[in-house]
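Written out below as structure tokens is the structure these notes cover.
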Amino acid sequence: MQHGDDLEDDFVPDDLVALSDEEDLPNTEDIGGLLSADEDDAGAAQPSPVQSAAALEKKRKRRAKEKERKAKRKLAETVEPVESPSIAAQPPVLLADYLSSMQAKTFNEMSGIELADVQIPESAIVDTTAWTESRSLDQLMDFIVKVLPKLHTRLSQRPKSNGAPTLIYVAGAALRVADVTRVLRDKRLRGEKGGDVAKLFAKHFKLEEHVAYLKRTKIAAAVGTPGRLGKLLCDTDALATTALTHVILDVSFRDAKKRTLLDIPETRNEVFRTVLGAPKVLNGLRQGTIQLVLF
Numbered sequence: 475m476q477h478g479d480d481l482e483d484d485f486v487p488d489d490l491v492a493l494s495d496e497e498d499l500p501n502t503e504d505i506g507g508l509l510s511a512d513e514d515d516a517g518a519a520q521p522s523p524v525q526s527a528a529a530l531e532k533k534r535k536r537r538a539k540e541k542e543r544k545a546k547r548k549l550a551e552t553v554e555p556v557e558s559p560s561i562a563a564q565p566p567v568l569l570a571d572y573l574s575s576m577q578a579k580t581f582n583e584m585s586g587i588e589l590a591d592v593q594i595p596e597s598a599i600v601d602t603t604a605w606t607e608s609r610s611l612d613q614l615m616d617f618i619v620k621v622l623p624k625l626h627t628r629l630s631q632r633p634k635s636n637g638a639p640t641l642i643y644v645a646g647a648a649l650r651v652a653d654v655t656r657v658l659r660d661k662r663l664r665g666e667k668g669g670d671v672a673k674l675f676a677k678h679f680k681l682e683e684h685v686a687y688l689k690r691t692k693i694a695a696a697v698g699t700p701g702r703l704g705k706l707l708c709d710t711d712a713l714a715t716t717a718l719t720h721v722i723l724d725v726s727f728r729d730a731k732k733r734t735l736l737d738i739p740e741t742r743n744e745v746f747r748t749v750l751g752a753p754k755v756l757n758g759l760r761q762g763t764i765q766l767v768l769f
């Protein structure tokens, strides 16, 4: 009786079948190698308890820091920036010291005695501490009405002479001059009789053009950069001080570099040398006919 596993004596296996059998059954050495490699990989993939704890702690700290950063960003988005108080809000005694320190930078070649001759007296500085609102341009009209009622009255009166303002407003740049001019031209300040508001800066305008304009125009206020105002006050007779009662320094406004009118050396020097330092202005400050306001 033949069994299914018995082969005939002359049976020769088919080549393809033989090869297939060899591919499906790798030798024991290869199997051992594969098993050994798998075991090694499994052993390497499982960190020790100490390593696992350290990794979890590192991950926990990273999540905590990220949560803290998100909380800070959210807080920064909800809290409005606090506006730093303006130097102009100080009482006259402190403003006099501030102006003196700024003058010392301009007149650094002067001795203490010489510097005293050009200093702005404390009595000439208006006390504006009663004003507790912002000293921004949108508040300028209310500031004048409430803190400087005498100036408000004079701005609404008809000027008697050409080129003789009751107010000189000193701003650091042409764009700022234009913005201030728009505010001062409001009818709520000038009424129906008030004079014109002169816009004075060197950009786009020759000095001769401003001289001609001032000599033919009755103005209530002159708003300008210290460079152009200084030239008109010191080098011409077009900008008169016969009706001048107030000079406002625009010290609260900061430019793109966060500098004020008196922080910039060029404008600071022009303010003290040619505007406040103009003999007819300085004399008025000392005699009490002109008041200095820091806004």
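Just so you know, the sequence shown maps onto residues 475 to 769 in this note's numbering. The beta-carbon is built from N, C-alpha and C at its ideal position, and this holds for glycine as well. Computed from a prediction, not measured in an experiment: that's the story for all the values here.
> When you compare only the Cα positions, how much space is there between Ile764 and Trp605?
Replying inline: If you number the sequence shown from 1, residue 764 lands on position 290. If you number the sequence shown from 1, residue 605 lands on position 131. Each residue's Cα considered, the two are about 21 Å apart.
> According to DSSP, which residues form a beta bridge with Tyr643?
Replying inline: Position 169 of the sequence shown holds residue 643. Answer by DSSP bridge pairing, in chain order: Val697, Ile722.
> How about Ala712 and Gly758: are their beta carbons less than 8 Å apart?
Replying inline: Looking up residue 712 in the sequence shown gives position 238. Looking up residue 758 in the sequence shown gives position 284. For Ala712 and Gly758, no; Cβs fall outside 8 Å.
>> One question on the structure: do Val654 and Val721 come within less than 8 Å of each other, judged by their Cβ atoms?
In response: What you label residue 654 is simply residue 180 of the sequence shown in a count that begins at 1. What you label residue 721 is simply residue 247 of the sequence shown in a count that begins at 1. No.
> Going by DSSP, what residues sit across from Asp670 in a beta bridge?
Replying inline: In the sequence shown, the residue the question calls residue 670 occupies position 196. BP columns for Asp670 point to Ile693.
> Ordered along the chain, which non-local residues of its own chain (more than five positions away) have a Cβ less than 8 Å from that of Thr741?
Replying inline: Residue mapping note: residue 741 aligns to position 267 of the sequence shown, counting from 1. These residues qualify, in order along the chain: Gly646, Thr699, Pro700, Gly701, Leu735.
> Taking the DSSP output, what are the residues bridged to Gln765?
Replying inline: One-based indexing of the sequence shown puts residue 765 at position 291. His720.
>> With a threshold of 6 Å on Cβ separation, who are the neighbours of Leu658 within its own chain once the five nearest residues in sequence on each side are excluded?
In response: As a working mapping, residue 658 is identified with position 184 in the sequence shown. Cβ within range, chain order: Val671, Ala695.
> By DSSP, does Leu756 sit in helix, in strand, or in coil?
Replying inline: Taking the sequence shown and counting its residues from 1, the one referred to as residue 756 is at position 282. Correct three-state label for Leu756: helix.
> According to DSSP, is Ile738 helix, strand or coil?
Replying inline: What you label residue 738 is simply residue 264 of the sequence shown in a count that begins at 1. It is coil, neither helix nor strand.
>> Using only CA atoms, which one of Ile738, Arg760, Ile599 lies nearest to Thr580?
In response: Numbered from 1 along the sequence shown, position 106 holds the residue referred to as residue 580. Comparing Cα positions, the closest option is Ile738.
> Quick one: Cα of Leu674 to Cα of Arg536, how far?
Replying inline: Position 200 of the sequence shown, counting from 1, holds the residue named residue 674. Position 62 of the sequence shown, counting from 1, holds the residue named residue 536. Answer to the nearest angstrom: the Cα atoms are 59 Å apart.
> By the 10 Å Cβ neighbour count, where 16 or more other Cβ atoms means buried, how is Thr715 classified, buried or exposed?
Replying inline: By 1-based counting over the sequence shown, the position of residue 715 is 241. So Thr715 ends up on the buried side.
> Out of Glu542, Glu596, Leu530, which has the shortest C-alpha to C-alpha gap to Leu768?
Replying inline: Position 294 of the sequence shown, counted from the start, is the residue given in the question as residue 768. Considering only alpha carbons, the answer is Glu596.
> Less than 8 Å separating the beta-carbons of Ser630 and Lys667?
Replying inline: Residue mapping note: residue 630 aligns to position 156 of the sequence shown, counting from 1. Residue mapping note: residue 667 aligns to position 193 of the sequence shown, counting from 1. Against a cut-off of 8 Å, the Cβ pair of Lys667 and Ser630 comes out as a contact.
>> Taking a contact to mean a Cβ-Cβ separation below 8 Å, would you say Thr603 touches Ala538 in this structure?
In response: Numbered from its first residue, the sequence shown carries residue 603 at position 129. Numbered from its first residue, the sequence shown carries residue 538 at position 64. Taking 8 Å as the Cβ cut-off, Thr603 and Ala538 do not qualify as a contacting pair.
> Whose C-beta lies closer than 7 Å to the C-beta of Ala570 among residues of the same chain, with five residues either side of it excluded?
Replying inline: Residue mapping note: residue 570 aligns to position 96 of the sequence shown, counting from 1. Excluding residues within five positions, the ones whose Cβ falls inside 7 Å are Ile594, Glu596, Ile599.
>> Given this structure, state the Cα-to-Cα distance separating Met584 from Ala578, to the nearest angstrom.
In response: Residue numbering aside, residue 584 sits at position 110 when the sequence shown is read from its first letter. Residue numbering aside, residue 578 sits at position 104 when the sequence shown is read from its first letter. Their Cα atoms are separated by approximately 8 Å.
> From which residue to which residue does the alpha helix (DSSP H) around Leu622 run?
Replying inline: What you label residue 622 is simply residue 148 of the sequence shown in a count that begins at 1. That residue, Leu622, is in no alpha helix (DSSP H); it is neither H nor E in DSSP.
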